[in-house]
Amino acid sequence: LARMDECPLGSAALAGTGGSSAIVDTADLREATEERPEDPKVWWQLGDFYEREGRYREALAAYERLQQLIESITTQRGRHYVGGLYLVAKTQTLCGEYAQAVVNLGRVLEHEPKEVNLAALNSTFRESHYLLGTIYYAHQEWALAEQHLQNYVRLTGDDARVAGMLARIERELHPERLFTRGGPRAP
């Protein structure tokens, strides 16, 4: 995927959705990562702080460290936690690294339960579908955008967030449906 000039939802809609850091000073956060470099929580806090400040490259580096720690923990425990990988992908999107974000979101969705009721319990899966849908939408890859946005709706039961995009995708994929016997139908 090429870099796009503008994400359809803008960086404000993606940024800062990870929560809020208990430690709010950069110096305190840096000190915490030095004192507890193996603690995923401090790396999450640092990434969240940078993300809310719009310092996406620095947020990405912190989230990548978080993901490394998560991977070592999941290897030891045999369980998969995909939230860190989602944060990496979301921040890659904010940095314009769409191809890598798509790869990482695909890795997240490899762990999505097949049962809708189970997948719906983890917001990371629905947000991964949403983010993939918006990336594909922005790149006018309509069928893939539709697939992921529909999966988002399937997991949330609500299409309000994506209705406009789905309507445009419908027009792009099925222009013949815009016409009736009486002439063109209003978009």
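First residue of the sequence shown: 858, per the working numbering; consecutive thereafter. Where a beta carbon is used, it is the ideal one built from N, C-alpha and C, also for glycine.
For residue i and residue j, which I take to be in contact (beta-carbon distance under 8 Å), what is that distance rounded to the nearest angstrom?
{"i": "TYR1009", "j": "TYR987", "result": "5 Å"}
{"i": "GLU1003", "j": "LEU1023", "result": "7 Å"}
{"i": "LEU942", "j": "VAL965", "result": "5 Å"}
{"i": "LEU989", "j": "VAL959", "result": "7 Å"}
{"i": "ARG1025", "j": "LEU1035", "result": "That belief does not hold up - the Cβ atoms of ARG1025 and LEU1035 are roughly 12 Å apart, past 8 Å."}
{"i": "GLY829", "j": "THR981", "result": "Coverage of the chain is limited to positions 858 through 1044, which leaves residue 829 absent and any answer about it impossible."}
{"i": "SER985", "j": "LEU951", "result": "15 Å between Cβ atoms; not a contact."}
{"i": "PRO897", "j": "LEU923", "result": "5 Å"}
Would you call the CB atoms of residue i and residue j closer than 8 Å?
{"i": "TRP901", "j": "THR890", "result": "no"}
{"i": "GLU910", "j": "THR948", "result": "no"}
{"i": "ARG927", "j": "TYR938", "result": "Note that residue 927 is Ile in the sequence shown here, rather than Arg. Against a cut-off of 8 Å, the Cβ pair of TYR938 and ILE927 comes out as a contact."}
{"i": "ALA977", "j": "LEU1012", "result": "yes"}
{"i": "GLY935", "j": "ALA916", "result": "no"}
{"i": "THR883", "j": "PHE906", "result": "yes"}
{"i": "ILE930", "j": "TYR955", "result": "no"}
Secondary structure at residue i, three-state DSSP: helix, strand or coil?
{"i": "TYR907", "result": "helix"}
{"i": "ASN1008", "result": "helix"}
{"i": "ARG983", "result": "helix"}
{"i": "ARG887", "result": "helix"}
{"i": "GLN924", "result": "helix"}
{"i": "TYR994", "result": "helix"}
{"i": "VAL1019", "result": "coil"}
{"i": "ALA977", "result": "coil"}
{"i": "CYS864", "result": "Bear in mind that a pLDDT of 39 at CYS864, under 50, signals an unreliable position, so the number given afterwards is only what the model happens to contain. It is coil, neither helix nor strand."}
{"i": "VAL965", "result": "helix"}
{"i": "VAL939", "result": "coil"}
{"i": "LYS971", "result": "coil"}
Say whether chain C places a C-beta atom closer than 8 Å to the C-beta of residue i.
{"i": "LEU1035", "result": "Within the model displayed, chain C is absent; a lone protein chain is all it includes."}
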